[in-house]
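Chemist: Below is the structure I would like to discuss, written out as structure tokens.
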Amino acid sequence: QLVESGGGLVQAGGSLRLSCAASGSILRVNNMGWYRQAPGKQRELVAVDASGGSTNYADSVKGRFTISRDNAQNTVYLQMRSLKPEDTAVYYCNANVLSWLGLKDYWGQGTKVTVSS
């Protein structure tokens, strides 16, 4: 199970931090990342943190967003700065998790981020 928090309404230029915690009978969490889906658009990758420590960002957020994770807490964060109205979307956490049930991708319920101009 993935539980997200941290979305909300912010003015352009502002900051928000999203959190996503994985829980359950977890043996190992591999990749953890964030995706977003704006109204009328397809879901897109925002940032991903691989279990080995490498990160990857969408070009549109490079230099403004930072992904990080706390492996002890199975939690991933997305620090968003210099937010723009085009960042408005529902943000979804994703994690590739190995549990006693096997290896599976999980999705959070989504948290809405609205950036006003």
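Numbered according to my numbering, the sequence shown spans residues 207 to 323. Cβ coordinates follow ideal geometry from the N, Cα and C atoms, glycine included.
Closest to residue 276 by C-alpha separation, out of 217, 219, 310 and 234, would be which residue?
Modeler: 234
Chemist: To which residues does DSSP link residue 275 through a beta bridge?
Modeler: 282
Chemist: So, are the CB atoms of residue 317 and residue 220 less than 9 Å apart?
Modeler: no
Chemist: With distances taken between CB atoms, is the gap from residue 210 to residue 225 smaller than 9 Å?
Modeler: yes
Chemist: Return the first residue and the last residue of the beta strand (DSSP E) that residue 321 is part of.
Modeler: 317-322
Chemist: Can you grab the Cα-Cα spacing for the pair residue 239 / residue 302, in whole Å?
Modeler: The alpha-carbon atoms of residue 239 and residue 302 are separated by roughly 9 Å.
Chemist: If residue 273 sits next to residue 255, beta carbons under 8 Å apart, how far is it from one beta carbon to the other, in whole angstroms?
Modeler: 5 Å
Chemist: Go through the stretch 223-254 residue by residue and report every complete run of the alpha helix (DSSP H) that reaches 4 residues or more, in order.
Modeler: As for any alpha helix (DSSP H) of minimum length 4 sitting wholly inside the stretch 223-254, there is none.
Chemist: Output the distance between the C-alpha atoms of residue 218 and residue 227, rounded to the nearest integer angstrom.
Modeler: So the two alpha carbons sit approximately 27 Å from each other.
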